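Have a look at the structure below before the remarks.
Listed below in structure tokens is the structure:
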């Protein structure tokens, strides 16, 4: 079984559902999990080999919304 690559981001609270819907539309490349919805912290579990595509999508979305990369150590609760 292949391991997913977990990355953490902070987005605007109102954008969490939108971000989830965007990645659901790209079937199988990543899943979005809310870690701390109040703070806008989400985790992306990225399928192996899809990292560049996910980064491309995030770069495009950054033109319209705030997306900040977070280190795992700065997240209060990591599943």
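Residue numbers (the numbering used here): 95 to 173.
All residues carry an ideal CB built from backbone N, CA and C; glycine is no exception.
This one's a predicted model, so the numbers in the text were calculated from it and none came from an experiment.
Look at residue 116 here: in three-state DSSP terms it is helix. A contact between stretches requires three or more CB pairs, one per stretch, nearer than 8 Å, and the region 98 to 118 meets this requirement with the region 159 to 169.
If you look at residue 130, you'll find it in the beta strand (DSSP E) that goes 124 to 130. Per DSSP, residue 168 has no beta-bridge partner at all.
Relative to residue 135, the option among 96, 109, 98, 97 whose CA is nearest is 109. Looking at the DSSP output, residue 97 bridges to nothing.
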